[in-house]
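To keep things clear, I will list the structure first and then write my remarks on it.
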Amino acid sequence: MEEKIYRSYIEILKEELVPALGCTEPIAIAYAAAKAAEVLKESNGEKVQIAEHKTEEKAGTADRNGAKSASQTALDNCNGHLDVYCSGNIIKNVKSVTVPNSGGMRGIEAAALLGLVGGDASRKLEVLESITEEQREETRRLLEKKFCTCYLQEGVANLYIRAELTLEGHSACVTIEDKHTNIIKIEKDGVVLFEKACKAEADAGAKEQSDKRALLNVADILRFADEVRIEDIKDVIGRQIEMNTAISEEGLRNPYGAEVGRTLLYAYGDDIKIRAKAKAAAGSDARMNGCSMPVVINSGSGNQGMTCSLPVIEYAKELKVSKDKLYRALVVSNLVAIHQKSYIGSLSAYCGAVSAACGAGAAIAWLNGGDYEAVARTITNALANTSGMVCDGAKSSCAAKIASAVDAAIMAYTLESANHCFQPGEGLVKDNVEDTIRNMGYVGRVGMKDTDVTILNLMIDQQQA
Numbered sequence: 332m333e334e335k336i337y338r339s340y341i342e343i344l345k346e347e348l349v350p351a352l353g354c355t356e357p358i359a360i361a362y363a364a365a366k367a368a369e370v371l372k373e374s375n376g377e378k379v380q381i382a383e384h385k386t387e388e389k390a391g392t393a394d395r396n397g398a399k400s401a402s403q404t405a406l407d408n409c410n411g412h413l414d415v416y417c418s419g420n421i422i423k424n425v426k427s428v429t430v431p432n433s434g435g436m437r438g439i440e441a442a443a444l445l446g447l448v449g450g451d452a453s454r455k456l457e458v459l460e461s462i463t464e465e466q467r468e469e470t471r472r473l474l475e476k477k478f479c480t481c482y483l484q485e486g487v488a489n490l491y492i493r494a495e496l497t498l499e500g501h502s503a504c505v506t507i508e509d510k511h512t513n514i515i516k517i518e519k520d521g522v523v524l525f526e527k528a529c530k531a532e533a534d535a536g537a538k539e540q541s542d543k544r545a546l547l548n549v550a551d552i553l554r555f556a557d558e559v560r561i562e563d564i565k566d567v568i569g570r571q572i573e574m575n576t577a578i579s580e581e582g583l584r585n586p587y588g589a590e591v592g593r594t595l596l597y598a599y600g601d602d603i604k605i606r607a608k609a610k611a612a613a614g615s616d617a618r619m620n621g622c623s624m625p626v627v628i629n630s631g632s633g634n635q636g637m638t639c640s641l642p643v644i645e646y647a648k649e650l651k652v653s654k655d656k657l658y659r660a661l662v663v664s665n666l667v668a669i670h671q672k673s674y675i676g677s678l679s680a681y682c683g684a685v686s687a688a689c690g691a692g693a694a695i696a697w698l699n700g701g702d703y704e705a706v707a708r709t710i711t712n713a714l715a716n717t718s719g720m721v722c723d724g725a726k727s728s729c730a731a732k733i734a735s736a737v738d739a740a741i742m743a744y745t746l747e748s749a750n751h752c753f754q755p756g757e758g759l760v761k762d763n764v765e766d767t768i769r770n771m772g773y774v775g776r777v778g779m780k781d782t783d784v785t786i787l788n789l790m791i792d793q794q795q796a
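According to my numbering, the stretch in the sequence shown is residues 332 to 796, in order.
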């Protein structure tokens with residue numbers, strides 16, 4: 332295949348398949364707050380310590396003589412405040428999910444305060460990796476004192492977070508937009524310390540990203556999967572297999588949330604179709620309910636990363652294929668999912684489990700020897716079925732939605748293998764798979780905007796009730 336397409340696909344995989352700890356929206360909020368705390372660590376030449384980890388060199392909430400740092404005294408006295416401004420989609424995805432490493436705390440304020448008190452901004456999507464029980468207690472105390480307030484920010488990108496921290500007469504403001512770790516502006520005491528490149532340069536960078544994803548199409552994805560050198564994808568795909576399998580096993584061992592994965596196996600047995608659904612659902616059971624284990628995400632979502640990978644891993648075991656073939660199948664799954672999300676966008680009222688499971692279905696067809704036509708029909712069948720599933724935020728029921736989406740993907744392949752495919756003109760199905768994907772993407776990005784607003788309004792009313 333063309334070298335430009337080959338290199339672009341490698342870059343897309345490396346950009347998208349990265350580790351993250353916990354649901355990515357609360358983690359992004361924690362990251363913004365941790366970064367704001369980092370900015371205030373030095374003010375007017377005085378070292379300001381904001382709940383640093385306790386070590387021999389850093390005494391945390393008290394110095395070696397037992398005296399508290401200036402910032403800790405400010406926190407104790409609530410001599411300051413943390414305001415977090417979020418887009419509707421961020422609020423929707425954080426309202427009901429358990430913040431990782433929080434000891435069961437939920438919501439925007441908990442995520443922000445945990446990041447403020449103990450987050451390590453240098454870890455980005457693993458910002459809460461090293462939280463201690465002492466820091467959890469401090470977070471609970473600040474929650475009780477209402478040290479943090481969340482506000483809905485209208486007229487901004489679907490993914491938007493602004494953390495404004497005021498402490499001991501100093502202030503810091505960190506703004507994230509479009510991607511979960513994409514800091515576009517940092518201010519301290521009203522002075523801009525960092526701002527993304529000028530609009531022309533920023534637009535050029537966005538265009539470069541868009542141009543790479545515009546090269547995605549099902550035919551080239553399959554060609555790439557056949558031809559890619561394993562050494563070029565070994566690290567990124569290998570990490571996805573390792574991390575996502577580990578959290579799935581954790582979700583099957585222990586009672587998280589509604590225990591969707593465990594219940595499926597208990598009720599229906601260990602047939603491959605059940606195992607494929609249960610393994611993906613179990614990972615989400617754990618992740619949505621506070622498990623601190625990292626996963627490799629897809630399209631900015633851990634749930635989507637698990638849905639793309641775990642059913643494919645399970646089918647590869649069932650078929651006893653080589654490790655190399657599993658790697659290539661996961662290339663198919665991940666890129667087909669990213670291809671669909673390129674039309675939809677990062678956050679939408681369109682449930683991302685649908686596009687991720689569709690990718691898994693395409694990979695399952697490929698693992699079973701399916702050619703381009705078989706994979707295209709599988710994708711079409713899957714999209715014609717579950718594309719109406721809405722996203723009403725990250726929470727326990729995401730595991731059930733994942734199971735339903737994977738079930739639809741498996742059905743899609745089963746129909747295809749029996750030579751059945753939904754036909755052009757039936758709903759949004761078009762003459763070819765690319766136009767069908769484009770149609771569904773348009774529905775997710777444009778058609779469901781009002782749905783998104785309606786869902787958010789209902790959730791905010793429920794929150795205020």
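Virtual Cβ for every residue (Gly too), placed ideally from N, Cα, C.
In the structure shown, what three-state DSSP assignment does residue i receive?
{"i": "E387", "result": "Unreliable placement is indicated for E387, whose pLDDT of 33 sits below 50; the coordinate value is still reported in the next sentence. Coil, per DSSP."}
{"i": "T497", "result": "strand"}
{"i": "C729", "result": "helix"}
{"i": "F555", "result": "helix"}
{"i": "E562", "result": "helix"}
{"i": "K516", "result": "strand"}
{"i": "P357", "result": "helix"}
{"i": "V370", "result": "helix"}
{"i": "M430", "result": "Contrary to the premise, residue 430 reads as Val rather than Met in this sequence. If DSSP states are grouped into helix, strand and coil, V430 belongs with coil."}
{"i": "E526", "result": "strand"}
{"i": "V760", "result": "coil"}
{"i": "S502", "result": "strand"}
{"i": "Y599", "result": "helix"}
{"i": "V487", "result": "coil"}
{"i": "E573", "result": "helix"}
{"i": "E590", "result": "coil"}
{"i": "V777", "result": "helix"}
{"i": "V784", "result": "helix"}
{"i": "M790", "result": "helix"}
{"i": "T392", "result": "Note that T392 scores 36 on pLDDT, short of 50, meaning its location in the model is unreliable and no value can be drawn from it."}
Which first and last residues belong to the alpha helix (DSSP H) in which residue i is found?
{"i": "E460", "result": "Taken as a continuous stretch (DSSP letters only), E460 belongs to no alpha helix (DSSP H), as it is neither H nor E."}
{"i": "D655", "result": "K654 to I675"}
{"i": "K610", "result": "I603 to M619"}
{"i": "Y646", "result": "G633 to L650"}
{"i": "I768", "result": "V764 to Y773"}
{"i": "Y703", "result": "Y703 to T717"}
{"i": "C689", "result": "G683 to L698"}
{"i": "A797", "result": "Since the first and last residues shown for the chain are 332 and 796, residue 797 lies out of range."}
{"i": "V448", "result": "I439 to G449"}
Tell me which residues share the same chain as residue i and place their Cβ nearer than 6 angstroms to its Cβ, disregarding the 5 neighbours each side in the sequence.
{"i": "E649", "result": "I603"}
{"i": "R454", "result": "E460"}
{"i": "G636", "result": "V626, V627, I628 and N629"}
{"i": "K516", "result": "T506 and E526"}
{"i": "K366", "result": "A452 and V505"}
{"i": "E508", "result": "A488, Y491 and I515"}
{"i": "Y597", "result": "none"}
Note the first and the last residue of the continuous beta strand (DSSP E) segment covering residue i.
{"i": "L413", "result": "G411 to C417"}
{"i": "V626", "result": "P625 to V627"}
{"i": "Y337", "result": "Here Y337 belongs to no beta strand (DSSP E); instead the alpha helix (DSSP H) covers E334 to E347."}
{"i": "L483", "result": "C479 to L483"}
Could you tell me if the beta carbon of residue i falls within a distance shorter than 6 angstroms of some heavy atom in the ligand FAD?
{"i": "D616", "result": "The ligand FAD is not among the ligands present in this structure, which contains no ligands whatsoever."}
Excluding sequence positions up to five away, which residues of its chain have a Cβ less than 8 angstroms from the Cβ of residue i?
{"i": "A647", "result": "K656, L657, A660 and L698"}
{"i": "L524", "result": "V370, I517 and E518"}
{"i": "M574", "result": "P350, M624, P625, V626 and V627"}
- Message: Between the segment 711 to 729 and the segment 678 to 693, can you find at least three pairs of beta-carbon atoms closer than 8 angstroms?
- Response: yes
- Query: Between the segment 606 to 623 and the segment 656 to 668, do at least 3 Cβ pairs fall closer than 8 angstroms?
  - Reply: no
- Query: Counting pairs of beta carbons, one from the segment 490 to 503 and one from the segment 409 to 426, are three or more of them closer than 8 angstroms?
  - Reply: yes
- Any contact of the segment 434 to 442 with the segment 516 to 528, i.e. 3+ C-beta pairs under 8 angstroms? no
- Quick one: any contact between the segment 343 to 351 and the segment 479 to 488, if contact means 3 or more CB pairs under 8 angstroms? no
- May I ask you to verify whether the segment 572 to 589 touches the segment 698 to 707, counting CB pairs closer than 8 angstroms and requiring at least 3? no
- Message: Between the segment 748 to 755 and the segment 722 to 734, can you find at least three pairs of beta-carbon atoms closer than 8 angstroms?
- Response: no
- Task: Could you tell me whether the segment 353 to 363 touches the segment 559 to 567, where touching means 3 or more Cβ pairs closer than 8 angstroms?
- Result: no
- Touching or not, the segment 733 to 750 and the segment 767 to 783, by the rule of three or more beta carbon pairs under 8 angstroms? no
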